[in-house]
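Accompanying notes for the structure given below.
Protein chains: 2
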Amino acid sequence: MYFSSSEILSVGTELLLGDIVNTDAAYLARALAVLGIPCYHQSVVGDNPARLRAVLSDALARSELVILTGGLGPTCDDLTKETAAALMGKTLTLHAPSYDRIRTLLEKRGLPETENQKKQAMLPEDAVVFENDWGTAPGFAMTADTEFGQRTVILLPGPPRELEPMFDVRVRPYLASGSEETIWSMNIGLWGIGEAAVEQVLRRYMTESANPTAAPYCGEGDVRLRLTARGRSEEECRAMCRSLAEELCAVSCEPYKPGILSDYVFGIDCTSLSEALVGMLREKHLTVSAAESCTGGYIAKRITDTPGASEVLSGSFVTYSEQAKQALVGVRAETLAEYSVYSEQVAAEMARGCREAVGADIGIGVTGVAGAEDAVVLRAGEAHTVSAGTVFVACAVGNDVRVERIVLAPGRRAGTEAREYVRARASQQALFMALCAARAL
Amino acid sequence: MYFSSSEILSVGTELLLGDIVNTDAAYLARALAVLGIPCYHQSVVGDNPARLRAVLSDALARSELVILTGGLGPTCDDLTKETAAALMGKTLTLHAPSYDRIRTLLEKRGLPETENQKKQAMLPEDAVVFENDWGTAPGFAMTADTEFGQRTVILLPGPPRELEPMFDVRVRPYLASGSEETIWSMNIGLWGIGEAAVEQVLRRYMTESANPTAAPYCGEGDVRLRLTARGRSEEECRAMCRSLAEELCAVSCEPYKPGILSDYVFGIDCTSLSEALVGMLREKHLTVSAAESCTGGYIAKRITDTPGASEVLSGSFVTYSEQAKQALVGVRAETLAEYSVYSEQVAAEMARGCREAVGADIGIGVTGVAGAEDAVVLRAGEAHTVSAGTVFVACAVGNDVRVERIVLAPGRRAGTEAREYVRARASQQALFMALCAARAL
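First to last, the sequence lines map onto chains A and B. Residues in the first sequence are numbered consecutively from 41, following the working numbering. Residues in the second sequence are numbered consecutively from 41, following the working numbering.
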């Protein structure tokens, strides 16, 4: 199979109303890029046959391959299949293997068979069927000669837990057979330098490099530099990107920032700061623990996101209240009274305390104001205002403790969003400080 | 201002390559729905002027209002503004207040002014400017008579931490003045019942109700029932939804499930299980603690996502290793040896132990196999295989402990995704059990 162009069309009123985020499109886009199938458009339309027909028709005029997601479910507002098949001139008939599979699955789960389940097994006669081992509705591909030329439409179920494995196991091999060129991207994760400064520093590479290309973009709190290569194989692309990455890391950041670019790199070709940290700790046989106040378990959660985290984390603490800070990680009552819970001193004692409590090499302590509102605390009996977004992050190694006070601007976000913003950034700062500590050990 | 139709057009090669997920579109979609501005399309296109022109042109043909996001940054591949202005017949000139604002901001942050920053202050002469208090690039609205009639195009920066507050503070008031009808949606969160069963049970309401409408959709692990009303005010819509919700909750789930729908409801008009739990605990002045193994802090993180969590959570534990389970929450060595770390007995001791350690009303203990691979453990000296996705969730109140063994199928997901899937579901199960315990207290 060879496709010179493709696009992704997601169907679902819940997407148009903003009830869910379109992670399917991101997943498919990345997969198409790796397969070397150019994808220039993504669209979303509701469960409305007339608009779906119009948008699908536009897509077929532009692209040889259209991947449709969503609307394959059993309910009566799921109309994607019927609409797409009609546009491609296909008739739906009952696909016996899929019907049997659905019935077996329902039986296994102890669920009664409902009449609308049958609808999910209705497929075009000449479809290439993608069996669904992760849910009920099968996916499929159908090809037809249309007024725009030969076109292929692939339909996949909307829930990510069905779409993602179905794509990996069934659709990727179907698509991979004919692709001659691969696009491969690599990310360099940067911390402590802004997107605009990166662009200034690397301007020559951004404008002059054709293959691989380099482009910075914003992550949540960090900057990513994306290197993208085209070649005959992933291995070739990977080598090209690696070589450019080495060159870029040596570039001076003056006068925008001190040092060279590698001073701001937390990871090359890794997906997150926590992955970089766990990798570094495993390599050096080091362990980490945290005492978290405002981040409330976020740091431990991030560390344990990565497989292999059990080698580097034994135990960790959420010490939300002052009592818990004292009882679980030994913060002293006098320190709380003199400096208040939002202080370098308390963060430092938290970092030291959790490190000692579980015998870890590196301890992290985080305390601060995560909400959208300023806090008032007593310091040695006097009232002080601590502004929203002020967080103290401490990192302890042996008897050394380094503490950073970061001030984040949650802006005018609503309560929950301000919290998420501050907590996410503070967690990243903690992971970065632990990474630097591990590097130095 | 009155718009009978709108659409969202996101610009960014990083979206087309799947490097980032389009959360902006979901945010704007929800905001437009609340404003009562119908939105029937979303599109994504790369940083490519020709394709952007074509897609924007299609959008202007269909919709009176087009909101463009992304590509307003300082870098040379940010071309959204130039392309959109040209299509609307507008000329860009330097907007002095925006330029001053950018320079002040850079100065305050101690960043050098770069030549490309000036590009961000170039705006159409008659634009309605949305000042950016959260970053550098200002947003704006421009209106023109096009071949399709009068059209308005709004451009907003892509980073969510700029787009979201800018929309709330500047764009919403600009748009709100003319809207006569409001659409308002409410979600009923369901746990322990599938989407297809919900549809069977509520089929009559789904097909017959015009206003409000009811439609089920899949959350991650739970099912949401969305009620959507149209009315003159949010208050009116809210009352209509509330009344329908009450009616639906009393509907019998037989023969698909025992009981009535309300037996499966974890929250009405609330965004998540953790919000439901924190609300219930606050209402009843109860506290909770957790000892988390495979969820690694996820449960504490979810609880502390919600403002007000400090009233209900004092301290919590990540007990990843067997040593931590013993040292921090008092799991007995004999229990570990006899039943293994993956057992009801250990989960129960974890739940009891954390509850006692911080004096909470409700204790949660979670242990299981989060990865994609089965685990082998010793039970009383004999090897046993525990399949991937097996998790023991315990909930302790006083001397009572309830333990549930859940078996999740991570399928053929890759390591990290399998982990996320199992950890997310296990966390939700724990929150739901704590919610049930709190309800009964």
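All C-beta atoms in this analysis are idealised placements derived from N, C-alpha and C, irrespective of residue type, glycine included. Predicted model only: the values in this text are computed from it and were never measured.
Taking the alpha-carbon positions, what's the residue i to residue j distance?
i                      : j                      : result
residue 501 of chain B : residue 381 of chain B : Absent from the model: residue 501 of chain B. The displayed extent of chain B is 41 to 481, so no value can be given.
residue 335 of chain A : residue 358 of chain A : 8 Å
residue 154 of chain B : residue 304 of chain A : 20 Å
residue 396 of chain B : residue 435 of chain A : 29 Å
residue 76 of chain B  : residue 68 of chain B  : 12 Å
residue 295 of chain A : residue 163 of chain B : 29 Å
residue 412 of chain A : residue 414 of chain B : 43 Å
residue 385 of chain B : residue 211 of chain B : 55 Å
residue 183 of chain A : residue 63 of chain A  : 26 Å
residue 158 of chain B : residue 123 of chain B : 17 Å
residue 437 of chain B : residue 390 of chain B : 12 Å
residue 238 of chain A : residue 222 of chain A : 27 Å
residue 232 of chain B : residue 293 of chain B : 12 Å
residue 264 of chain A : residue 423 of chain B : 46 Å
residue 121 of chain B : residue 161 of chain B : 11 Å
residue 126 of chain A : residue 469 of chain A : 53 Å
residue 44 of chain B  : residue 66 of chain B  : 20 Å
residue 103 of chain B : residue 189 of chain B : 10 Å
residue 307 of chain B : residue 461 of chain B : 22 Å
residue 374 of chain B : residue 420 of chain B : 9 Å
residue 135 of chain B : residue 96 of chain B  : 24 Å
residue 137 of chain B : residue 148 of chain B : 16 Å
Since residue i meets chain A, which of its residues come closer than 7 Å, beta carbon to beta carbon?
i                      : result
residue 258 of chain B : 199
residue 468 of chain B : Ordered by position in chain A, no residue passes the 7 Å Cβ test against residue 468 of chain B, which lies about 13 Å from the chain.
residue 341 of chain B : 336, 337, 338 and 341
residue 461 of chain B : 201
residue 414 of chain B : Under the 7 Å cutoff, chain A gives no residues; its nearest Cβ is about 14 Å from residue 414 of chain B.
residue 51 of chain B  : In chain order: nothing, as chain A lies at least about 11 Å away.
residue 73 of chain B  : 57 and 58
residue 152 of chain B : 295 and 296
residue 316 of chain B : None at all; the shortest Cβ gap to chain A is about 14 Å.
residue 309 of chain B : The premise fails here: residue 309 of chain B is roughly 13 Å from chain A at the closest Cβ pair, so nothing lies under 7 Å.
With a CB to CB cut of under 7 Å and the five nearest residues on each side skipped, what residues in its chain are close to residue i?
i                      : result
residue 383 of chain A : 432
residue 314 of chain B : 342, 343, 345, 346 and 471
residue 269 of chain A : 224, 251, 252, 277, 280 and 281
residue 360 of chain B : 333 and 336
residue 538 of chain B : Residue 538 of chain B lies beyond the stretch modelled for chain B, which goes from 41 to 481, so this question has no answer here.
residue 129 of chain B : 184
residue 379 of chain B : 385, 386 and 419
Whose Cβ in chain A lies nearer than 9 Å to the Cβ of residue i?
i                      : result
residue 357 of chain B : 355, 356, 357, 358 and 368
residue 398 of chain B : 361, 363, 364, 367 and 368
residue 344 of chain B : 332, 334, 335, 336, 337, 338, 358, 360, 410, 459 and 463
Give me, in chain order, the residues of the same chain whose beta-carbon lies closer than 6 Å to that of residue i; leave out the 5 immediate sequence neighbours on both sides.
i                      : result
residue 133 of chain B : 165
residue 194 of chain A : 107 and 181
residue 256 of chain B : 235, 238, 239, 263 and 265
residue 416 of chain B : 423 and 425
residue 19 of chain B  : Nothing in the structure corresponds to residue 19 of chain B, since chain B is present only between 41 and 481.
residue 217 of chain A : 41
For residue i, go through chain B and note every residue whose CB falls closer than 9 Å to its CB, in chain order.
i                      : result
residue 89 of chain A  : In chain order: nothing, as chain B lies at least about 13 Å away.
residue 401 of chain A : None at all; the shortest Cβ gap to chain B is about 14 Å.
residue 45 of chain A  : The premise fails here: residue 45 of chain A is roughly 11 Å from chain B at the closest Cβ pair, so nothing lies under 9 Å.
In chain B, which residues lie less than 7 Å from residue i when you measure between Cβ atoms?
i                      : result
residue 79 of chain A  : 56
residue 172 of chain A : Ordered by position in chain B, no residue passes the 7 Å Cβ test against residue 172 of chain A, which lies about 10 Å from the chain.
residue 385 of chain A : Those do not exist, as residue 385 of chain A stays about 20 Å from chain B at its closest Cβ, beyond 7 Å.
Give me the chain B residues within the contact set of residue i, using Cβ-Cβ distance strictly less than 8 Å, ordered along the chain.
i                      : result
residue 69 of chain A  : 55, 56, 57 and 58
residue 266 of chain A : 54, 57 and 59
residue 98 of chain A  : 98
residue 140 of chain A : Within 8 Å Cβ-Cβ: nothing; residue 140 of chain A doesn't reach chain B, min ~17 Å.
Could you name the residues of chain A that residue i contacts, counting a contact when the two beta carbons are closer than 8 Å?
i                      : result
residue 486 of chain B : The structure shown does not extend to residue 486 of chain B, since chain B is modelled only from 41 through 481, so no value can be given for it.
residue 457 of chain B : 204
> Should the region 140 to 149 of chain B be called in touch with the region 200 to 214 of chain B, which here means at least 3 C-beta pairs below 8 Å?
Replying inline: These segments do not touch.
>> Check whether the region 45 to 62 of chain A and the region 64 to 83 of chain B are in contact - that is, three or more C-beta pairs closer than 8 Å.
In response: Verdict: yes, contact present.
>> Under 8 Å, with one C-beta from each stretch per pair, do the region 314 to 334 of chain B and the region 349 to 365 of chain B reach the 3-pair mark?
In response: With contact defined as three or more Cβ pairs closer than 8 Å, the region 314 to 334 of chain B and the region 349 to 365 of chain B are in contact.
> Can you give, in chain order, each stretch of the alpha helix (DSSP H) that sits fully within the region 368 to 432 of chain A and has at least 4 residues?
Replying inline: You should have 373 to 379 and 384 to 398.
>> As an exercise, report each continuous alpha helix (DSSP H) stretch of at least 4 residues that is fully enclosed by the region 99 to 124 of chain A, in chain order.
In response: With a minimum length of 4 residues, no continuous alpha helix (DSSP H) run stays inside the region 99 to 124 of chain A.
>> Tell me whether the region 84 to 103 of chain B and the region 288 to 300 of chain A touch, counting them as touching only if at least three CB pairs, one residue from each stretch, are closer than 8 Å.
In response: The region 84 to 103 of chain B is not in contact with the region 288 to 300 of chain A.
> What runs of the alpha helix (DSSP H), each 4 residues or longer, lie entirely inside the region 229 to 297 of chain A?
Replying inline: Counting only runs of 4 or more, we get 235 to 241, 243 to 248 and 274 to 289.
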